[in-house]
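Contents: one structure, followed by commentary.
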Amino acid sequence: MGRYDEFTADRLLAQMFEMMPEDIDKRQGAVAYDLATPAAQELQNAYIELDATERLGFTDTSEGSHLARLTVDLGVFRRPAVAAKGIVQFDGEPAQLVPQGSRVVAGADAPIYFTTDADVTLNDAGFAEVVVTAQRGGLSGNIGPGEIEALVGDLFDVVSVRNDSEFVGGSNEEDDESLRQRYFERARQPVTSGNAAHYRQWALEVPGVGDALVYPTYHGAGTVLVVILDTEATAPSDYVIDAVKEHIEAERPINADVYVEPAEEVPINVSATIHVARDSNVDEVVTEFSTALTEYLSTLAFKDTLVRYTQIASILLGVPRVVDYTDLTVNGGASNIEVDVNQVAVKGEVTFTDGAV
Numbered sequence: 001m002g003r004y005d006e007f008t009a010d011r012l013l014a015q016m017f018e019m020m021p022e023d024i025d026k027r028q029g030a031v032a033y034d035l036a037t038p039a040a041q042e043l044q045n046a047y048i049e050l051d052a053t054e055r056l057g058f059t060d061t062s063e064g065s066h067l068a069r070l071t072v073d074l075g076v077f078r079r080p081a082v083a084a085k086g087i088v089q090f091d092g093e094p095a096q097l098v099p100q101g102s103r104v105v106a107g108a109d110a111p112i113y114f115t116t117d118a119d120v121t122l123n124d125a126g127f128a129e130v131v132v133t134a135q136r137g138g139l140s141g142n143i144g145p146g147e148i149e150a151l152v153g154d155l156f157d158v159v160s161v162r163n164d165s166e167f168v169g170g171s172n173e174e175d176d177e178s179l180r181q182r183y184f185e186r187a188r189q190p191v192t193s194g195n196a197a198h199y200r201q202w203a204l205e206v207p208g209v210g211d212a213l214v215y216p217t218y219h220g221a222g223t224v225l226v227v228i229l230d231t232e233a234t235a236p237s238d239y240v241i242d243a244v245k246e247h248i249e250a251e252r253p254i255n256a257d258v259y260v261e262p263a264e265e266v267p268i269n270v271s272a273t274i275h276v277a278r279d280s281n282v283d284e285v286v287t288e289f290s291t292a293l294t295e296y297l298s299t300l301a302f303k304d305t306l307v308r309y310t311q312i313a314s315i316l317l318g319v320p321r322v323v324d325y326t327d328l329t330v331n332g333g334a335s336n337i338e339v340d341v342n343q344v345a346v347k348g349e350v351t352f353t354d355g356a357v
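So the sequence shown is numbered by the numbering used here: it starts at 1 and just counts up by one.
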């Protein structure tokens, strides 16, 4: 509810009438009514805009480009989207050159294009592989193995292209809540020359980093360990790790040895016998449960080391298609799973058996 919601056109019109002489005709259709009504409506619009202006003018309630303009006052900039990277394999005639910037594509309905990072020449066996980068930043570039379908262009001596491994490192532009929290952290935890807060700030400035833990004197005096997560609360790719190393190396105090490591992933495997509603199937439940489990685990990353069995059971019962379940196990047992502070719990294998069979 807005602060100025009470200033409606009707109320403003009534206030105008109160200020007019009593002998003025204020009935609908009268001159005074016809003159004051448009003004009251425009004043109502002005109060609506005033409410929005006030909301957008403060960091805790602002959003979008308005929020980004506020956070730059403390040197906190919205992290841009990061393009995914991966390796593709080419097959064709020996000595065929695939020049830098050649495009390959994944997905027929919603194509995602990638470009080669360097020139590559097929060897005597007619094979070559090269790193490619998505043309657009975002999670959409994190494709799975085998999703690259074709080479775009007329390199006739290239017979086929494929990707044997998944592409990694893509992340979306930083959302408002993440930007807001980094701003508040900068304001409330002032950094000094190379203290722990400073290293955390440097790590979080790198696109693709979602959170970071800092351990001063980890390997003795003058050493610092930085453990990082990506924006999806999982272990970051090597590309992100290298970017963090490079950024911190450019900012760190002299004579400080910095180690940057990814959080260690701990798969959370879930199995159960489930009873599903009519006109539902186990595959649909697996999909919905997996999404909810991933969301739950992301809330724990670097904040809570305990994965609760009862919470996973609650998530399973919260899937609309699930009527009941038995024999629920998490990593083979029926108890909580505790991870180390530098580890992150991630969704593992989800195996459900239809209890009606």
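We treat Cβ as the ideally placed atom computed from N, Cα and C, and that holds for glycine. Since the structure is predicted, the reported quantities are computational estimates derived from the model, not experimental observations.
Reduced DSSP category for residue i - H, G, I as helix; E, B as strand; rest coil
| i | result |
| --- | --- |
| Y309 | helix |
| K347 | strand |
| I248 | helix |
| D242 | helix |
| H198 | helix |
| Y4 | coil |
| F184 | helix |
| T192 | coil |
| S62 | coil |
| L155 | coil |
| F352 | strand |
| P38 | helix |
| T273 | strand |
| A212 | strand |
| S280 | coil |
| T217 | coil |
| V285 | helix |
| S160 | strand |
| S298 | helix |
| I48 | helix |
Residue i versus the options, residue with shortest Cα-Cα distance
| i | options | result |
| --- | --- | --- |
| V226 | I254, A83 and A263 | A263 |
| H275 | K303, R200 and D354 | D354 |
| I143 | L122, A272, V104 and E174 | V104 |
| H219 | R162, V258 and E173 | V258 |
| E42 | G57, L13 and K245 | L13 |
| F167 | L213, G57, Y239 and E261 | Y239 |
| D60 | I268, E185 and A203 | E185 |
| N269 | P145, R78, E349 and L35 | E349 |
| F58 | A196, A46 and Y183 | Y183 |
| D164 | E149, V266 and E174 | E149 |
| V224 | A197, A235 and T351 | A197 |
| D279 | A203, V214, A356 and T291 | A356 |
| A46 | A313, D23 and D5 | D5 |
| G210 | A187, P190, P216 and G169 | G169 |
| P267 | A256, L317 and G332 | G332 |
| D124 | V214, D91 and F17 | D91 |
| D175 | E63, T217, I241 and I254 | E63 |
| A134 | G126, S171, A108 and A128 | S171 |
| E265 | P253, T287, N255 and S237 | S237 |
| W202 | I24, L139, P320 and G75 | G75 |
| I315 | E288, I241, A212 and A277 | E288 |
| A106 | G141, D324 and S290 | G141 |
| P111 | R136, E129, P253 and F352 | R136 |
| E261 | L317, I241, E129 and L328 | I241 |
| V282 | I312, D304 and Y325 | Y325 |
Backbone CA spacing between residue i and residue j [nearest angstrom]
| i | j | result |
| --- | --- | --- |
| E93 | D119 | 16 Å |
| K245 | P99 | 30 Å |
| F302 | V339 | 10 Å |
| A272 | L229 | 30 Å |
| A221 | G194 | 13 Å |
| V206 | A243 | 7 Å |
| E249 | V330 | 41 Å |
| T231 | L293 | 17 Å |
| V132 | V322 | 42 Å |
| Y309 | N336 | 5 Å |
| E284 | E251 | 48 Å |
| P38 | E173 | 43 Å |
| G153 | S102 | 8 Å |
| T115 | L97 | 14 Å |
| G146 | R162 | 6 Å |
| D34 | L56 | 34 Å |
| G208 | F127 | 32 Å |
| L151 | L139 | 22 Å |
| A187 | L67 | 15 Å |
| A212 | H247 | 14 Å |
| V307 | V214 | 23 Å |
| D327 | A83 | 42 Å |
Beta carbon proximity, residue i to chain D, threshold 8 Å
| i | result |
| --- | --- |
| A39 | Here chain D cannot be found, since the structure has a single protein chain. |
Contact test: residue i Cβ vs the ligand GDP heavy atom, cutoff 7 Å
| i | result |
| --- | --- |
| V130 | This structure lacks the ligand GDP; in fact it carries no ligand of any kind. |
Cβ contact (3+ pairs, closer than 8 Å) linking the stretch 41-61 and the stretch 79-87: no
Meets three-Cβ-pair contact criterion under 8 Å: the stretch 148-168 and the stretch 178-191: no
Touching by the beta-carbon criterion (3+ pairs, under 8 Å), the stretch 68-76 and the stretch 25-32: no
contact_flag[the stretch 291-298, the stretch 336-351] where n(CB pairs < 8 Å) is 3 or more: yes
Contained beta strand (DSSP E) runs [length at least 3] in the stretch 65-141, N- to C-terminal order: 85-92, 103-106, 112-116 and 127-134
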